[in-house]
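Asks:
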């Protein structure tokens, strides 16, 4: 590629060209301004020659033809380094203008990044960069160290109207206005001079002008003088096609005005003038100068001798203290001459010559430490290499060297560095080294924001253009640039850069980046008043929980400001504030299942189901065919939810504020759609498109919202603190039949932004993600309801059910049922989940006064069992129907059976009074949570009363386990008519305080007597199962009427307690049930007085009285006997009474054993069975040992020893005992010597006849066994 | 001010991804050293075999320390990957990982 054809080449051929200084009088300017042009502007279009075709011969003898040539014209006042402030203003103006022009597509969506990549290079970067860069390069023109900006020629222009034009020419040149470059000796003041006389044809004919011209020619020489006639067109204005001046005017006034008095003659005259000036004067002059200088330099510097000399001379100069710019070089110094030679050669296109001179001078400057000049030469070397299209690396090195050297100079070299950088960048771009170009752009950035903004933006485009595109860098530099633009109030530029950045960062998970970009672009749009676009961007930053609190506040404030300024309510489909926790979505609705309290739905459906199993009729009795019924009721919608018109559907959904600052949310309500039953296809269609959210869908939603005639919605206002989550309860109440769909939820943020959230879309995704487990129930149906006509609904409430109770707490409750509709309900049934806790009373119980009703009445009526059907279902009386204003009240008994947290469920089944309704029955579900605290811990231990038949000792142990309550123990009752209980000792002696304070334990003994007679009494037992005997544990003084344990509440609960233990009513032979009744003391009022309204009952069931054998016996006889052993041995009679407590016939064999063996054994036993402190386990061991011993002794009899007593009579007696009866067996022993004897050496073998009707399942009664004798001590004393 | 720093750091790291992309395939070493700089901030990168990029933005120069730091973090990361419940590429929520990395940073950086 020809370097001259590249953009940098073109730029160089335009910028590094000979400068012509123009001196003119004010009258010249005046004439030109008639065309709205200055003199220079008038000439400018003709200074650019693309095909000048001038032969040039420079140092080499080879001539060549120069094709492209350009002159730069400047007024003498402009030939100086531009003022920095002015230059900045100019740059700013360029940028602002570019911004104004850019307006067109600000509001459109940013392009997708792939589209950006596909577009061509020229499309990517805005065109005004070139203008900007050119302006930037021009800010450093006319530096003294660069000869190409030094004027080559000087043109003096005088108007023919001027008086004494010849003198004017001289004056122009003599004034002090000449640029400093000429005056301070930086350049040769002897430059080529040219004299032009301007004649305005409007001022009259040109005779006078020609006269002056001849005068001029005489004075200044023939060649250097010219006459230029302008404004030849007479009166009429000329419209120029392709106005040649237009491209040169930046702040263009209407372009038609330009050159309006210049006709084609003027045109040609100007053209000829310039052509002649360049080809006949300037180029030959430069040629000449190049040759002269070249000769001089060759003489002084070329050749080995000269080089050595030069080096020597420079070394000597080293000591001179220099400024940072190095020594001052005047035009006559060799260095300046070399530089001029190089620049002229460059301008004439002789790059080889230029390069050799630049090289030569570069080392000199380096040695002189003239850094600025050195950098300038390096820069030119780089450019020359480029133009020669040689060694790219050299070019790069030179440019880098120059750039770095300029930078090292500090602020003075800054602008030069910028220019150098720009040229370098162009060079790199030519070689497709965009990445490197971008880094250079980055290095050009100065502290000045606007400047660096432009540079960074250009850098970003370089990154985009590099291969492969570096998108991340592109985005980053765009943002850097946009940020700077914004700080400089170049909002449109900022928007452009940020918009491009948005396309890069679209969907990035880098949250801070996303927030920054969207926030700033939103703000920019806000400045411009494009609130809609600003709003959409601001939406993106709302959910900025990762940001600090201050930033969150800033974001939200800015957002609300934009909303406010926009002055309308926005509606947003996916408003991110607050966050909606879709998994918290909970729907409560009532079909045939209705709920008494909102908490009832927290109980699992399966719990309710199992409870309702027995209540719901499995086969509707009225209709014969189940299939028929189903299809008639709910065509097609078997799996859909059903709800009833007029009854609210409750939706609970969680709103969460992700920010740390509070937000207020108002008008939260559901979005619902209620359609007639028929158009199912429609709803299905909308269901399938629910996943896609577009504008159409949005419209659809709004349509849905507007149509709210057929249902009513609730509205909720909440305010969420920082990080707070709130469960919002929303309701929709359909008014007519049809299909109701809950589509989503809407809310208003801070009173101005409406957010929508669709349940459908997310639900679909979630369900699919979860797999196919729930595929059966399509998600659409989850929020779809079939609304059926309104039905009666029972409302139920249990009055005064405590939330917290002590175990055993007994209370009378009232259930209230209410039906607000006109239609009555009937066939009520009820069931509770814990009959131990809640018992259904009789209607008469309703108005009982509570603890009093427990007390024993004198006239005991037969307690009738409440009407309990199978499985504990309670049927209300058939004639009962609930309707209208009158509530149904029904008594309930409550007793806290066991400590713990109890979830108590009650279901009430009812049928519609009118059979035509779509639902035949409904169920009211009630749910209560109870906390039951432990109160008294009661345990009973029963042991047979020694030496008494059918009597037992009951050891009751009571511990008060409450935290603070004192409890008075009132009464202990046994259940069943065959038990009688009485105190062993009077209460006053064992328990004087009569109340147990918290933590106190107390034990007490009772005597329990069995008064069971025979089989014949069993009938009455089953008739009066709860009649038993009571013992009052309170002293007589405060004793009230004893509580009746045989009546409804207590007896009922006792039955359930027994059921709980798996014991039926009948099976109570050897077991006894106790009910302990106690009352808490009023803790705060006077102590010792029981709270009249609280009664606790504690039930202990199936406390076994029986020891292992059903046979008990007592040996009756004297304990002490005096006898005179001298006369004879002593005979003593005993009576053994045996009782058969079983219901079977028992045959018993009594064996008396040989006394000798026993006595031996006895002594053994005495040694083993010590009295006083002894180790229990050891005793046990010895007992086993003694058992073994006894067996052993029994076998190996010792006949020679004589025992002190023997059993007389038969050694074995057999008897048969009827069930529950006693027998007496007489016994006799003979004692031979005085002493104390243990008469336990007998054995009872018993055997029960199996009786079928008493063989119970699961309960093993021992059918045979052996019992050893009880110890019975007899003391025989000799009588004197 | 700190907010600005937070987003600036993200920007710098994000921008360095371009260079990582180029460099990662040119070398077999996992530790790519300091690959990018912005003013006085340096980005060091470690690319695992699975092409997970660990990027560290720092201003100190402690090449050896950074290298060991990356290696140990890589090990921790592998342990995280072994967790069958961790979805590769998702956010690491393990507090254990966090404290370990902090400890390593204190040790090496």
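Protein chains in written order, with full-length UniProt numbering: chain A, 1 to 1280; chain B, 1 to 109.
For each residue, glycine too, the CB sits at the ideal point set by N, CA and C.
1) Just confirm the distance between the C-beta atoms of residue 891 of chain A and residue 814 of chain A, as a whole number of angstroms; I'd bet it's less than 8 Å.
2) Taking C-beta to C-beta, are residue 896 of chain A and residue 958 of chain A nearer than 8 Å?
3) Name, please, each residue of chain B whose Cβ falls closer than 9 Å to the Cβ of residue 512 of chain A.
4) Classify residue 998 of chain A as helix, strand or coil using the three-state DSSP reduction.
5) Need the endpoints of the alpha helix (DSSP H) that residue 165 of chain A sits in, please.
6) Starting from residue 14 of chain B, find everything on chain A with Cβ-Cβ shorter than 7 Å and list it in chain order.
7) Out of A:736, A:808, A:29, which has the shortest C-alpha to C-alpha gap to residue 786 of chain A?
8) Quick check: the Cα distance between residue 804 of chain A and residue 932 of chain A, rounded to an integer number of angstroms?
9) Going by the CB atoms, is the gap between residue 757 of chain A and residue 935 of chain A shorter than 8 Å?
10) Any idea what DSSP makes of residue 1049 of chain A, helix, strand or coil?
11) Give the list of continuous beta strand (DSSP E) stretches no shorter than 3 residues that lie fully inside the segment 121 to 153 of chain A.
12) State buried or exposed for residue 5 of chain B, treating a residue as buried only when at least 16 other CB atoms are found within 10 Å of its CB.
13) Cβ closer than 9 Å: which chain A residues qualify as neighbours of residue 40 of chain B?
14) Relative to the alpha-carbon of residue 475 of chain A, which residue among A:497, A:454, A:455, A:466 has its alpha-carbon at the smallest distance?
15) Name the chain A residues that come within less than 8 Å of residue 17 of chain B, Cβ to Cβ?
16) If the cut is a Cβ gap below 7 Å, which residues of chain B does residue 516 of chain A touch?
17) Would residue 1138 of chain A pass as a contact of residue 1149 of chain A if the rule is Cβ separation under 8 Å?
18) Residue 499 of chain A: beta carbon under 7 Å from a heavy atom of the ligand FAD?
19) Does the beta-carbon distance from residue 420 of chain A to residue 437 of chain A come in below 8 Å?
20) Quick test of the definition: if touching needs 3 or more C-beta pairs under 8 Å, does the segment 1269 to 1279 of chain A touch the segment 459 to 471 of chain A?
21) Measuring only between beta-carbons, confirm whether residue 479 of chain A sits less than 8 Å from chain B.
22) If you count every other CB in all the chains shown that lies within 10 Å of the CB of residue 1061 of chain A, and 16 or more means buried, which is it?
23) Cβ of residue 1285 of chain A within 8 Å of Cβ of residue 349 of chain A?
24) Can you have a look at residue 418 of chain A and say buried or exposed, based on whether 16 or more other CB atoms are within 10 angstroms of its CB?
25) On a Cα-Cα basis, can you pick out the residue from A:894, A:389, A:1129, A:1216 that is closest to residue 928 of chain A?
26) Is the segment 836 to 845 of chain A touching the segment 1112 to 1131 of chain A, taking contact as three or more C-beta pairs under 8 Å?
27) Is there contact here, the segment 437 to 451 of chain A with the segment 149 to 169 of chain A, by at least three beta-carbon pairs under 8 Å?
28) Out of A:363, A:389, A:747, A:675, state which residue places its alpha-carbon closest to the alpha-carbon of residue 666 of chain A.
29) Is the segment 538 to 552 of chain A close to the segment 569 to 576 of chain A, with three or more CB pairs under 8 Å?
30) Can you look up residue 757 of chain A in the DSSP assignment and give me helix, strand or coil?
31) My assumption, with CB atoms under 8 Å, is that residue 727 of chain A sits in contact with residue 645 of chain A. Please give the rounded CB distance.
32) Going by beta-carbon coordinates alone, are residue 793 of chain A and residue 741 of chain A separated by less than 8 Å?
33) At 3 residues or longer, what runs of the beta strand (DSSP E) sit wholly inside the segment 335 to 407 of chain A?
34) Compute the Euclidean distance between the alpha carbons of residue 50 of chain A and residue 500 of chain A, then round it to the nearest angstrom.
35) Can you find a C-beta in chain B that's less than 8 Å from the C-beta of residue 763 of chain A?
Replies: On the basis of the supplied data:
1) Mapped onto the first chain, residue 891 of chain A falls at position 891. Mapped onto the first chain, residue 814 of chain A falls at position 814. Confirmed, about 6 Å.
2) Position 896 of the first chain holds residue 896 of chain A. Position 958 of the first chain holds residue 958 of chain A. No. Outside cutoff.
3) Working through the first chain from its first residue, we reach residue 512 of chain A at position 512. 3, 6, 7, 8, 9, 10, 11, listed in chain order.
4) Within the first chain, numbered from 1, the residue matching residue 998 of chain A stands at position 998. If DSSP states are grouped into helix, strand and coil, residue 998 of chain A belongs with coil.
5) The residue you call residue 165 of chain A lines up with position 165 of the first chain. Counting along the chain, the alpha helix (DSSP H) containing residue 165 of chain A begins and ends at 165 to 174.
6) The count along the second chain starts at 1 and reaches residue 14 of chain B at position 14. Within chain A, the residues near residue 14 of chain B are 472, 476, 510, 513.
7) Translated into positions along the first chain, residue 786 of chain A becomes position 786. Ranked by Cα distance from residue 786 of chain A, the first of A:736, A:808, A:29 is A:736.
8) On the first chain, position 804 is the one that residue 804 of chain A refers to. On the first chain, position 932 is the one that residue 932 of chain A refers to. If you take the alpha carbons of residue 804 of chain A and residue 932 of chain A, they lie about 6 Å apart.
9) Numbered from 1 along the first chain, position 935 holds the residue referred to as residue 935 of chain A. Numbered from 1 along the first chain, position 757 holds the residue referred to as residue 757 of chain A. Cβ atoms of residue 935 of chain A and residue 757 of chain A: not closer than 8 Å.
10) Taking the first residue of the first chain as 1, we reach residue 1049 of chain A at position 1049. Reduced to three states, the DSSP call for residue 1049 of chain A is helix.
11) Whole beta strand (DSSP E) segments, 3+ residues: zero.
12) In the second chain, residue 5 of chain B corresponds to position 5, counting from 1. Looking at its Cβ environment, which holds fewer than 16 other Cβ atoms inside 10 Å, residue 5 of chain B is exposed.
13) Along the second chain, read from residue 1 onward, the residue named residue 40 of chain B stands at position 40. The premise fails here: residue 40 of chain B is roughly 14 Å from chain A at the closest Cβ pair, so nothing lies under 9 Å.
14) Here residue 475 of chain A is taken as the residue at index 475 of the first chain, counted from 1. Looking at the Cα atoms, A:497 is the closest of the given residues.
15) For the purposes of this step, residue 17 of chain B is identified with residue 17 of the second chain, where counting begins at 1. By Cβ distance, chain A contributes 472.
16) Position 516 of the first chain, counting from 1, holds the residue named residue 516 of chain A. Taking the beta carbon of residue 516 of chain A as reference, the chain B residues within 7 Å of it are 7, listed in sequence order.
17) Position 1138 of the first chain holds residue 1138 of chain A. Position 1149 of the first chain holds residue 1149 of chain A. It is not a contact, given that the beta carbons lie outside the stated cut-off.
18) As for the ligand FAD, it is missing from this structure, which has no ligand bound.
19) Numbered from 1 along the first chain, position 420 holds the residue referred to as residue 420 of chain A. Numbered from 1 along the first chain, position 437 holds the residue referred to as residue 437 of chain A. Contact flag unset, no.
20) No: the two stretches stay apart, fewer than three of their Cβ pairs being nearer than 8 Å.
21) As a first step, residue 479 of chain A is located in the first chain; it is residue number 479 there, counting from the start. At least one chain B Cβ lies under 8 Å of residue 479 of chain A.
22) Start at 1 with the first residue of the first chain, and residue 1061 of chain A comes out as number 1061. The residue in question, residue 1061 of chain A, is exposed, as its Cβ has fewer than 16 Cβ neighbours within 10 Å.
23) Examination of residue 1285 of chain A is not possible in this model, given that chain A is present from 1 through 1280 alone.
24) Here residue 418 of chain A is taken as the residue at index 418 of the first chain, counted from 1. With 16 or more Cβ atoms within 10 Å of its Cβ, residue 418 of chain A is classed as buried.
25) The residue labelled residue 928 of chain A in the question sits at position 928 within the first chain. Nearest to residue 928 of chain A by alpha-carbon distance, out of A:894, A:389, A:1129, A:1216, is A:894.
26) Touching, no, given that fewer than three Cβ pairs across the two stretches are closer than 8 Å.
27) Three or more Cβ pairs closer than 8 Å define a contact, and the segment 437 to 451 of chain A falls short of that threshold against the segment 149 to 169 of chain A.
28) Translated into the one-based positions of the first chain, residue 666 of chain A becomes position 666. Selected option, being the one with the closest Cα: A:747.
29) As far as the Cβ criterion goes, the segment 538 to 552 of chain A touches the segment 569 to 576 of chain A, which means the pair count is three or higher.
30) Counted from its first residue, the first chain places residue 757 of chain A at position 757. DSSP places residue 757 of chain A in strand when its eight states are reduced to three.
31) The sequence position of residue 727 of chain A within the first chain is 727, counting from 1. The sequence position of residue 645 of chain A within the first chain is 645, counting from 1. Wrong, their Cβ atoms sit about 27 Å apart, outside the cutoff.
32) Walking along the first chain from the start, residue 793 of chain A turns up at place 793. Walking along the first chain from the start, residue 741 of chain A turns up at place 741. No, the Cβ-Cβ distance between residue 793 of chain A and residue 741 of chain A is not below 8 Å.
33) At a cut-off of 3 residues, not a single continuous stretch assigned as beta strand (DSSP E) sits fully inside the segment 335 to 407 of chain A.
34) In the first chain, the residue the question calls residue 50 of chain A occupies position 50. In the first chain, the residue the question calls residue 500 of chain A occupies position 500. Distance between the alpha carbons of residue 50 of chain A and residue 500 of chain A: 39 Å.
35) By one-based count along the first chain, residue 763 of chain A stands at place 763. Confidence in residue 763 of chain A is poor, its pLDDT being 47 and thus under 50, which makes the residue's placement unreliable; the coordinate value appears in the next sentence. By this cut-off, residue 763 of chain A is not an interface position.
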